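Using this note's numbering, you'd call the opening residue of the first sequence number 175 and step up by one each time. For every residue, glycine included, the Cβ atom is placed at its ideal position computed from N, Cα and C. All values derive from a computational prediction rather than experimental measurement. Let me begin by presenting the structure, written as structure tokens, before commenting on it.
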Amino acid sequence: MEKYNHQEIEAKWHKKWDEEKLYQVGEDKSRPKYYVLDMFPYPSGAGLHVGHPKGYIATDILARMKMMGGFNVLHPMGWDAFGLPAENFALKNKVHPATQTAKNVVTYKSQLQKIGLTYDWDREINTTDPEYYKWTQWAFIKMWEKGLAYESTAPIIWCPSCQTGLAMEDLEEGRCERCGSEIERKPMKQWVIKITAYADRLLNDLDKLSGWEDSIKEMQKNWIGRSEGAEINFSLVCHPERSGAEPRDPLKVFTTRPDTLFGVTYVVLAPEHEIIKNEKLIIKNKKEVDQYINEAKKKSDLQRTDLNKDKTGVKLEGVMAVNPANGEEVPVFIADYVLPNYGTGAIMAVPAHDERDFEFARKYDLPIKTVVSSFCHPERSDSEVKDLKIADPSRGAQDDKGGGDVFCDDGVNINSDFLNGLKTAEAKKKMIEWLEKEGKGKMKVNYKLNDWVFSRQRYWGEPIPFVHCAKCGTVPVAEKDLPVRLPEVEHYEPTGTGESPLANISDWVNTTCPKCGGQAKRETNTMPQWAGSSWYYLRYIDPKNSQALVDKEKEKYWSPVDFYVGGAEHATRHLIYARFWHKFLFDIGAVNYDEPFTRLQHVGLIIGEDGRKMSKRWGNVINPDDIIEKFGADAMRVYEMFMGPFGASCAWSTNGLTGARKFLDHVWAISESIEQRTENSGKEISSLLHKTIKKISEDIAEFKLNTCVSAMMILTNEIEKKTHPVSRGSNYRYPPRLAELGTPPAEGNSHPSQEGISREDFAKFIQILAPFAPHLAEEIWQEKLGNQASVFKSVWPKFDPELIKDETINLIVQINGKLRATISVPAEISQNEAINSARENDNVKKWLVGKEISKIIFVPGKLLNIVLK
RNA sequence: GGUCCGGUGGCGGAACUGGCAGACGCGUUGGACUUAAAAUCCAAUUCCAUUAAACCGGAGUGAGGGUUCGAUUCCCUCCCGGACCACCA
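What follows is the structure, given as structure tokens:
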């Protein structure tokens, strides 16, 4: 018997598949399309570890199955190659980022090719290719034309170590996601994309995405962070003794709890708030206030948002805020717990019903006024609430500073004039109506989502295609002049002045204005890494198009992506940016659909055998090349799918891998005796085969790939048992006492049993195995089973519903819900027949002796439960 | 603190819509083969009690309660773990 030589087989089929261009995607539009996509990798210098290809293997299985299902399948791969790591590596090693990136791509590609993936490499894309980023730049100019890209000088987040501005999305616990440095706020001229203009659509259209996992939709929802409330017009007066006198400065605050307006006891501004700079505002302790503002400026965001930290603030002496609801004057503070970039940068403080305000009020000895009572909890019925108009305030915050608790839930209003007795939802509504009627405020929706800071002061990114002309202002580069290529530089170190390294290349910077032809300077900032990845899936459809981002007819056929697989860490960055970018392209008529990804599945990490994340630092990295050499790509593919649920993270186990390899060895062994196959499969095998076909067809669609593998293992075990009853069981010593009780199995049966699998049925098994272990399956399909064409050109087998029906079943017999027997009965058995059969069972008899039956539960084909009195 | 997800043998995990818990794989133990080892093959493997061996029996899916003839699955309370967000008013 020949041994399963994975190295030979895999090399052989890689070559053949390549020669016959098996994976080349055609434009045959008569067939239905299927677009299955992996999040393309950033080709880092470290190369792939075994965790990276997990998602690629899964999409490959889906792609191969769909190929066999008659679909025209697009399964492409490319490189998200701009970004800081390449640049940082370049700085350290004095290699141009482009050189290093090209090198990494070669490594990645060779590693991927060994796994036997169905990528059509003719469609390979690279975000750093000028022919690619031309269209990234083009889209950006279109956004500018629509007013969605603008320049801003608002303070942005700045990483002092990477020396670049960042977007909110690039932070992790208040630190730079790349290098872990504490970040600062720095006022700088920046390009910003008005993604907030799409906030509502990005949120509402999540409902359309039924093929997305709820967890990821939830993350996006939280990230967009829509909250409904009111903008309320307070005003500032400068001398308390002259209350009501002019001048008054209007001050808008945002709140989600307009129902608590009567409970306001002070007002807080963010230290950055514009109104403080107003000369007319007479602040008696201006020195102290300015000092606080300066300190706040110096603090890093991390220090400022540290949750354990005490809240600090300074009272604006001599300034009072007027509550528009009751004309009451309350003190005004500045405090850095109020964020400048959310809402209006000012809040009305209701310490009785907001934890942060409560904490602050306790610290600075401010009054706490209860206006919502918890006593009438919203769970109580309306009638009860009416009876309890003045409710027990004892569970709300207390006026005296000794005790009391803050109460932030919904309740019923008290001490609130015209809101008294109303439940929170009603009170909110009524207050907003009143404010609008009086012109003292309005209903307002706010989002946590911020506009997308789009400038990076680094070298290795797409140049922003604009020039600054003294006469014409900011002018886009003409479309015919795109792409604006990234120039060669000698030094790509950050300048440290907040300018991009590109600013030093005067040849490149100095240009002419596309509008007036006069002298102008190029924009020297580059785009963030997320730019190129926001639309790459469209480029695979039409990778060589020089006239358009994508041909709209081709896009109509291939879009949207049917199945998208990648890490959950991209739920709130890449996936929001891509949805936004896509919707924008849809709005300008460049694409046909308004959502890019029909179905989204996240991949769980593979962690190291020691339970830690695979990393050089822990020395627990496993290179797929080594595994493939030793055990084969097919064994690695099968194992990675078998490890656990696809979305769960799981620790690598080389022992576990050997189980997958053994399974393939068994398949090989069965194929070696193919000539001894029986004409027809045994009944049990053929039934099991068809059940397996059904299960795998269904489970692949649901991405339950681990149970697919186990189903195939079960089938393989069964085939071996039935085919060679002797080799399986000849050494089994039948317990002597059992032998007395029943018939021992026949011994010495050395011929292949008639119960085994036929050649034809074995071929069907090979077909369903093929997506998982393509090399082995192809070898058996062509070399052993004598097929002329690839197994991937064969038609996916259908299960026969007749064959999966069981004639006899094991009926569960329960007595009082406890299992007492399982009896073998015809599948179609009726309730009465089932009861009669059950009564014949010795154990059932025993339990029924002297007992009266009160109830019978019968689930046809499954179970009989006899309930006794 | 918020939102979401999860908790099943020694380990990874399976279980349709509420219906035999522990499939499949790893590991372990015993056996066959071998001069021996590896590999391979066969068998056992939730726990407790019982037994020469077994049947039979009891407990059991983080803890406690509930709904139900019946709960890993549904509901409530709590504990633990993970992911994401986090002073967003």
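Note on the segment 584–612: whole alpha helix (DSSP H) runs with a minimum of 4 residues are 598–612, in chain order. Exposed is the label assigned to P975, since fewer than 16 other Cβ atoms lie within 10 Å of its Cβ. Following the DSSP letters along the chain, one finds F640 inside the beta strand (DSSP E) bounded by residues 640–643.
About 19 Å separates the beta carbons of D528 and R478, which is beyond the 8 Å limit, so they are not a contact pair.
Counting along the chain, I330 sits inside the beta strand (DSSP E) bounded by residues 329–333. A520 is bridged by DSSP to L443. In the DSSP annotation of this structure, the continuous segment of the beta strand (DSSP E) that includes V1041 starts and ends at 1037–1042. Residue pairing by DSSP puts P361 in a beta bridge opposite P329. For the options L435, H249, L340, P819, the alpha carbon positioned closest to that of F592 is the one of L435.
Across the structure, S401 and K597 are spaced so that their CA atoms are roughly 19 Å apart. When DSSP reads this structure, G615 sits in a beta bridge with I406. Using a Cβ distance threshold of 7 Å, G615 and I406 count as a contacting pair.
CA-CA distance, I780 to P945, rounds to 21 Å. In terms of Cα proximity to K360, the closest of I299, K618, G290, K473 is K473. Contact annotation: V438 and M494 have beta-carbon atoms that are not nearer than 7 Å.
Counting every other CB atom within 10 Å of its CB across the protein chains shown gives G244 a total below 16, marking it as exposed. For Q364, the number of other beta carbons within 10 angstroms of its own is at least 16, and it is reported as buried. Per DSSP, the beta-bridge partners of F428 are E405. With 16 or more neighbouring CB atoms inside 10 Å of its own CB, N300 falls in the buried class. In summary, A470 is buried, with 16 or more beta-carbon neighbours lying within 10 Å of its beta-carbon over all protein chains present. Assigned with DSSP and collapsed to three states, F973 falls in coil, not helix or strand.
Apart from sequence neighbours up to five positions away, the residues of its chain that approach P505 with a beta-carbon distance below 7 Å are Y440, K489, M494, ordered along the chain.
Under the Cβ criterion (8 Å, minimum of three pairs), the segment 630–645 counts as touching the segment 246–263. Linking W608 to P498 through their CA atoms gives a straight-line distance of about 11 Å. In this structure, the straight-line span from the alpha carbon of L959 to that of K836 is close to 22 Å. The alpha carbon of K308 has as its nearest neighbour, out of Q693, S720, E387, the alpha carbon of S720. In the structure shown, P798 adopts helical secondary structure according to DSSP, grouped into three states. In the structure shown, M701 adopts coil according to DSSP, grouped into three states. Per DSSP, F946 lies in no beta strand (DSSP E) and is assigned neither H nor E. In terms of Cα proximity to T233, the closest of N1015, V210, E448, R205 is V210. A residue is called buried once 16 or more other Cβ atoms fall within 10 Å of its Cβ, and C333 is buried on that count.
In the structure shown, R713 adopts helical secondary structure according to DSSP, grouped into three states. Shortest Cα-Cα distance from R530 to any of V545, K207, K543, D484 involves D484. For G399, the three-state secondary structure derived from DSSP is coil. Cβ contact annotation for G487 (same chain, cutoff 8 Å, sequence separation greater than five): V442, Y466, F507, I508, A509, D510, Y511, F534, Y538, in chain order.
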